[in-house]
Structures are given as structure tokens and as C-alpha cells.
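Some notes on the structure that comes next.
2 protein chains.
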Amino acid sequence: MNFVEIIARKRDGLELSPAEIRTFVQGASNGHVGDEQLAAMLMAICIRGANQAETQVLVEAMRDSGSRWRMGEAFPDAVDKHSTGGVGDTVSLVFAPLVASCGVPVVMMAGAGLGHTQGTLDKLAAIPGFRPAARHAQATDLLATCGVCFAAQSDEIAPADKKLYLIRDLTGTVPSLPLIVASIMSKKLAVGANRLILDVKCGSGAFFKTPPAARELAEALMEVARRAGVEVRALVTDMSQPLGDRLGCASEVRAALEVLAGGGDSRLRELTLDLAVEALALAGRAPEAARAELERKLSDGGASGAYEAMVRAHGGDPDVEALPRPRASVSVTAPRAGFVSAVDAEGLGWIAVAIGAGRRRQGDEIDLAAGVKLHVRIGDLLAEGQPLLTLELGDREVDVEEMRARAAAAFAITERAPSPAPLIAARLGGPS
Amino acid sequence: MNFVEIIARKRDGLELSPAEIRTFVQGASNGHVGDEQLAAMLMAICIRGANQAETQVLVEAMRDSGSRWRMGEAFPDAVDKHSTGGVGDTVSLVFAPLVASCGVPVVMMAGAGLGHTQGTLDKLAAIPGFRPAARHAQATDLLATCGVCFAAQSDEIAPADKKLYLIRDLTGTVPSLPLIVASIMSKKLAVGANRLILDVKCGSGAFFKTPPAARELAEALMEVARRAGVEVRALVTDMSQPLGDRLGCASEVRAALEVLAGGGDSRLRELTLDLAVEALALAGRAPEAARAELERKLSDGGASGAYEAMVRAHGGDPDVEALPRPRASVSVTAPRAGFVSAVDAEGLGWIAVAIGAGRRRQGDEIDLAAGVKLHVRIGDLLAEGQPLLTLELGDREVDVEEMRARAAAAFAITERAPSPAPLIAARLGGPS
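Sequence order for the protein chains is X and W. Take 1 as the starting number for the first sequence in the numbering used here and just add one per residue. Take 1001 as the starting number for the second sequence in the numbering used here and just add one per residue.
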């Protein structure tokens, strides 16, 4: 089959056959299709879209471009959790040990961050010695040892996705529903847990700004999961402001430790509990009993203990004192009194990138000590001069005054009280 | 400016600014924009289109990617002629010496063929020793010496077009009106004649199958030309069957020599005269007097003499006996009696490619001796067994029976007489 003709069919808005889609994906992973041809096809998909049948074939072809771990065979109860990416989304670091402490194994493929959101893989790198699993045998050992496996995408898992993502990042073809679904689900299906919890963000700090758009993504992800035999539930959750009160790698590990110890940021705690209840429900637990057990694990040290076991099993040092520390801090205060009516989560994410806590481009080095600590939330009533946030500076030289100005501009302060968006916009896939 | 953001704007159907378009074109010629990014932008333009303002900037940026010959400064009467490409379109080889013999200089950038149409550059290569101009000084010398300059696209002329065309060919982004207009007009404007005659083909053997589509292309080309200060006329002409009765390099040179000597194929002669009348009209001649002069040059040896002078000035041997000859010939006959009601011009073009007279891919070698001679036209009444065409075979090994079957299948023979399309579908840009 001539690949130019396949591109031309998608260019003209026609449906691609399974064989045509497989030619594309195999060509991406074995190098038989040139980068310029992959880019043209990705742009054609980005503009023309792909239907359910095409998306399913695309996902499965990308899954099959590497090896399949089939974790659900040895660990039928194991659950995978995926977030579509948000600012201050520290959930995974709490969720994994918390759910494992209730006897449900958790396996997650952690990704590196790009742009205004940091990745779990980067946050884990702040824990000295922590090594995510790269091979199937390591993943199996980790689940058997501590009930949690954090894995990193290696050449084993969906190499076609890795190749295509690099090109998408360069060619303006990231924002495509079928390509996003294929990228997420190919890795989930390659890891192969039988159960999946999705946290689909919506709002100014998320990729999808409105609840309907986020819900469309959630439903597309769930449909692919179901057709592949995976039990799935999804929450559509608020990203109109950062989820937790911390941004940055070491800073978010500290935020997780606080929640695991029974305290911490209330929104981070609440969303993690909601997602964990869904995970336990998939494992057959009654929701109320599940919530009670989860809350108990947070208060009785069970969750913290599971965190320590998890970090040690991954080769890391669980001591909070071992985390990188900021070199200096800069406080940013409210320029006037009033209600916090909006927070530019994406803008704060880019400030974190600017001080070194994130990546502008693939391959950029991250400053693990750099971060942001928020002191206010939408709806808070401020006095003039009250602290809005603290910039935790690492080794990168930054223009402090510019950062201060950008940070202050990320908060809208008004005379009237706003109505904050609910933390959970929709629950999908539960028992009806 | 971040190139990914520029791609994203076109992906979303927004109008690009002149600066954004120039960033794209300069990035193509200086290598600062990667091939995968060029491919994504080309696909976005292919699907989303480009408006008149964007197209004008694109053309002029591509023109300015190399040097400008400004041939109209030293030769204000010089005319350029361009055909959008057809099967058996031998016009340039007749037009150039014929118009020059009437005192109007002709400058043309000849292209290499790809796919089912052969390029004038390939046909000229059949003339032993013929060297098209690659540099400005050569072009000027040729026009001064013989009144004709055939040039070949070198690194001097519109290098961005060369780069972008290579990628378009690989990525299914050839069929885009603004990209076609930009590719054609950037080279015309770089050569810089003040006058331009366009021959826009329509029909089964052309890129644009219908007169309205071809007319849209003609008008887009003319608009760009006028805005760049070029006087322009266009004919939309029939390509529902091959134009002349010969396909292939040496074979078409012979066809041109026949017309130049006052005989030859009537359709090739008629269209060349019509285009030549437009060229002389642009130079200020009255159409009737121009036609009479042109016909006289064909009958009194003036045109043949101009051909000899043109070939010698380009370093070539004008003797017809010096042209490569076919090694063998295969006759294909009518399987039954009836009227020729349709001829698959594109199919015949691909048969010519199969026997070596054209290129399947960029860089393929052409067999200059290989060709096809047609014996019938749409509307002819045939007896069973009457010759349809002769395959002139060169050095390439071909499956003669397969070629015979494909050639016979290119002719529809019916009991009722068809109504052939007129040779000229529209005349654009003349005095109203």
C-alpha cells in the first residue's frame, strides 16, 4: 500500500481501513514511514478527526507496537489511574499508597511533564533513589512487594506513541481528541490492568476548558477501554484553579506526605478520596465502607506506611528531609483587598516552568527544588498585602520582579464574591 | 515567533499574517524549520486553504527565497508561457521558436515530469547536447542570441519551492489550489518576464477534471500575476484526450518538428497557434495579423529556422536524425468496430511511464527513446482491427501483452458517435 495514498484518503476526510491505520502505526515504530509523512497524517487526523472504529484500531495498533505487560493476568484486582494533566495535580502520589493500603494493587505508567503541567515521573524524581519500573519483571516484583508499581514509558511500552508524540509536539497536532485518546489508552492497554479510573480535568488550567469538552474526552476514553475489556470509571474534575496548594516536584511530594499523614490541602485530599472510592468500588467494595476505610488509613498511619513501603520498594528514600530544598523564597502579596474571583492556573503553571519546576521543551532539565506554594483559593476574602503565594526558588537565575508581577497578575481580585466551580463536575461509569 | 503556534493557527483555519508566512517559507529554504513541521503546515494549508492575500504573500516569499532574474528589464517584450501539464502536451517546443520567429522573445522555466505527464525538460533532454540555462547570465545570452531561453530550475530560482515540492510529493499535499498557484507563480515571478500566457488544462488527463475547477485555477494564477505587475492571459484547454498524437521525449520532439515544418498533428498545431496569437497580442499585435504571420512562419520555414537557431544556441544538435530512436514497436488494434467515444489520457500517460517514457518517482531515469504514437481521436469511426496506437519501445523490458491490454482498455468504442469537447474551453484576460 502506497502511504501517500493513505494520507490522501484522510486528507479528504475518508474513513481509514484497519490495514491502513496499522500501516501508519507500524511505519511510525519501524521507521519505514518518514517523519514528514507521519506529520502530514497527524495533521490530517487533527483536522479531519477519526471515528470510533478508527480510534479503536489506532489505540490497539499503538498498544501492539511494543510488548504487552498484561498486568491484569497476575493481578486481576490491580487498578490503573490516569489524569489528563493539571496544575498542582498531586493525586497520584497520594492515591497509589492509599489505595494499596486498602489491599487493592495500583499500577500506573507515570509520564514526564511538558509545558504548564508537571508530570508524576518528574515529581517521583525528587525522591532520592526512586526508580520507576522500566521492564515487565520489575513491575511484577513491585506489585508483589508493595502493592504499587510506578512505571516509566520505556521502549517496551507503545514505542509508536513515543515516536508520534515527539512529532505531535513539534507540529501543532497535540490537540486532537482521537490522538489524545490513542496516546493515553495505548499505554494503559499495554500495561494491561483490568480496571481503570480516569480523572479528566476541565477549566482554564486544563487542556479542555469546558465540562462538555472534558466529558467528550472522558466518554471517548471509556468507550475504548470498554471495547478492550477494561472496567472503567471517570470523574470530570475542576481545573479552574490549581488542584492542590503546591506546584513543583519536591514541593508536591511534601504536599502528598501531608495528605497521607491525615492533614494537607483539602481539595487534594477530597479529590484523591473520591478517586480512591471509585477504585475500591471497581474492586467490589461498597462505596460508604470504602470511604470510611480510606479515611481511617489517612488518620491511623496506614497510608503513610504504605508510602514508605512503596518508596523503599522502588529504591527510594521516604524521609521528607531527603527531598531537595528551595534556595530562597519570594512572597507575593495581594495588591488590594477583595475576593479572589479567578486564578489563572495555566499562568501559574508557566511561572513554575519559568523558575525551573517544569519543561518548556522535551529534554529540558527540571529543577526539583523549585516550586510554588499557594496561600489563597477562589472565594477567599483578602486584605491588601495578604500573601497570595510563595515562589520557592531553586538554582535557576530568575528575574524576581518579573515573576512577582506575573504571579500577582494570575489572581483576579473583585469586590463581589464569586461562585467557585464544584470540584467534581461529573461522575461517569458508576452503577446506574 | 514559535513555529508550532503558526502551524496551529492554520490548523484552526485562521488567516496567517505576512510575517508568519515568510517565517514558513524562509524556514523551508534555510532549513530552520524541520521537514515534519513543513509537512504539517502544508497539510493544514491543503485542508484549510489560503485566501488571496495569504497566497500573494506565499508566492512572493517563495519568489524571494532565491535570486530574481528580472528578465523583463532587459527584454520588456519577452513572454513566458506555462502549461499546467497534460498528456502529449508538446506545445512549448513549437511555441517558443514560432513566437520568437515573429520577433517576440520567449523565456520559459522548463520542469521535469512526474507521474503521467512528461516535462518539457525531459523532452529537451532528447536533443543531443541541449543545455537549458541554469544561471541568469546564460539566460540573458540565450535571449540575446536566438530570442528563446529555456531555463531549468536551479538553486538560484525559488529554492523554497523546490524544497516544499519534494515534501508535497511525499505527503499527499500536491492537490491544493494555493500551493499549486504558489509553486507555479513563484518561479514565473522569479524569472520575471513582464508577460505571461497560461494554458490551464482540464479533463480526464489533467489535474483539474472539470472546466470550472480549471477556470478557478486560471483565475487564481492570473490574480497573482496581475498583482505582481505581470500582463497575463489564459486559455482553459481540453485534456479529455492527449493533446498531440505523440507521448514520450524524442517522440514529442519529432511531433514538434512536424508542426514547425507546416504539417503535424492538427490539435497540437491549433492550440499552439491560439496560444501564440495571445502572446503576440500581449506584445501589441492585432490578433488577425498575428495569426496570419504565425501561419506564414510555419509554412515558409521561418519557424523551423528559429528552432534550429534555438537548439544551436542551447548547445544542441537540431538534426531530427540525431534524436534517440525506439528499439522496437508494438501495434495495438481496435478489438471491434465503432466510434472512439473516450480516451483515457491519464491511463495512456501511465502506460508511457511503464515503458520508460516518464517517472514514477522523483529521480527515476527516463528512456528518451520510449514513446507512444496515437492513430485515433475521439469521434473517429473505426473498423475492427484498425490500429489504435503504436508503442515505441526503448531499452526497458516490458510485458508486451500487458501493455497491449492496458493500451486497448484506454479507448472506449461505442456504436453512437460522441460529441468531443472543444479544444478551447475558455479564454481569460483578453480585451473585453
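Where is the CB? At the ideal position from N, CA and C, for every residue including glycine.
query, result
"Contact set for LYS1373(W): own chain, Cβ-Cβ below 7 Å, skip 5 residues either direction", "ASP1245, ARG1246, SER1251, LEU1389, THR1390, GLU1392"
"CB-CB length for LYS81(X) against ILE197(X), believed under 8 Å", "5 Å"
"Straight-line gap, ALA369(X) to VAL1059(W) (C-alpha atoms, nearest Å)", "50 Å"
"Where GLU36(X) meets chain W, residues with beta-carbon distance less than 8 Å", "ASP1035, GLU1036, LEU1038, ALA1039, ILE1167, LEU1170, THR1171"
"Euclidean distance between Cα positions of ARG254(X) and GLN56(X)", "39 Å"
"Alpha helix (DSSP H) runs contained entirely in the segment 31-107 of chain X, provided each spans 4 or more residues", "35-48, 52-63, 71-74, 91-101"
"Reference THR1117(W); option with closest CA among GLY1205(W), ALA1342(W), VAL1332(W), GLY1027(W)", "GLY1205(W)"
"Min CB distance GLY1115(W) to chain X below 8 Å", "no"
"Residue interval of the beta strand (DSSP E) (run including THR414(X))", "411-414"
"Contact belief for MET71(X) with GLY192(X) at Cβ below 8 Å, rounded distance in angstroms", "5 Å"
"Beta-ladder partner(s) of LEU1382(W), from DSSP", "GLY1338(W)"
"Minimum Cβ-Cβ distance from CYS1046(W) to chain X less than 8 Å", "yes"
"Contact set between the segment 1198-1217 of chain W and chain X, restricted to residues whose Cβ is under 8 Å from the partner", "none"
"Amino acids of chain X, ordered along the chain, whose beta-carbon sits closer than 8 Å to that of ARG1011(W)", "MET43, CYS46, ILE47, GLY172, THR173"
"Given PHE509(X) as reference, the closest of GLY429(X), GLU20(X), VAL94(X) once Cα atoms are compared", "In this structure chain X extends from 1 to 432, so residue 509(X) is not present and cannot be described."
"Supposed close pair ALA290(X), LEU298(X) - CB separation, criterion 8 Å", "The Cβ separation is near 13 Å, so there is no contact."
"Rounded C-alpha distance that separates ALA421(X) from ALA218(X)", "19 Å"
"Secondary structure of MET239(X), DSSP reduced to three states", "coil"
"Rounded separation between LEU170(X) and CYS1249(W) - CA only", "43 Å"
"Beta-carbon proximity of GLY371(X) to PRO326(X), cut-off 8 Å", "yes"
"contact_flag[the segment 1340-1349 of chain W, the segment 1408-1422 of chain W] where n(CB pairs < 8 Å) is 3 or more", "yes"
"GLU219(X): CB within 7 Å of a non-hydrogen atom of the ligand ATP", "The model depicted lacks the ligand ATP and carries no ligand whatsoever."
"Proximal chain W residues relative to ALA256(X), where beta-carbon distance stays under 7 Å", "Under the 7 Å cutoff, chain W gives no residues; its nearest Cβ is about 33 Å from ALA256(X)."
"Chain X contacts made by the segment 1002-1033 of chain W, where a contact means CB separation under 7 Å", "VAL1004, ILE1007, ALA1008, ARG1011"
"Same chain, Cβ closer than 8 Å to LYS163(X), neighbours up to 5 away in sequence not counted", "ALA28, SER29, LEU38"
"Beta-carbon spacing of LYS1201(W), GLY1049(W) below 8 Å", "no"
"Beta-carbon contacts of MET185(X) that lie in its chain and below 7 Å, excluding the five residues immediately before and after", "VAL59, LEU221, VAL224, ALA225"
"Selected residue, minimal CA-CA separation from ASN1002(W), among ARG1011(W), GLU1020(W), ASP1012(W), GLU1015(W)", "GLU1020(W)"
"6 Å CB neighbourhood of VAL1099(W) in its chain, flanking five on each side removed", "VAL1106, ALA1276, ALA1279"
"Which residues DSSP lists as bridging THR1117(W), in chain order", "LEU1114(W)"
"Proximity below 8 Å, CB of GLU231(X) to CB of LEU179(X)", "no"
"Segments of 3+ residues assigned as beta strand (DSSP E) that fall wholly inside the segment 1178-1266 of chain W", "1195-1202, 1231-1238"
"SER1065(W) vs ALA1160(W) beta-carbon contact at 8 Å", "yes"
"Residue closest to PHE1207(W), alpha-carbon to alpha-carbon, out of SER1092(W), ARG1396(W), ALA1412(W), LEU1114(W)", "LEU1114(W)"
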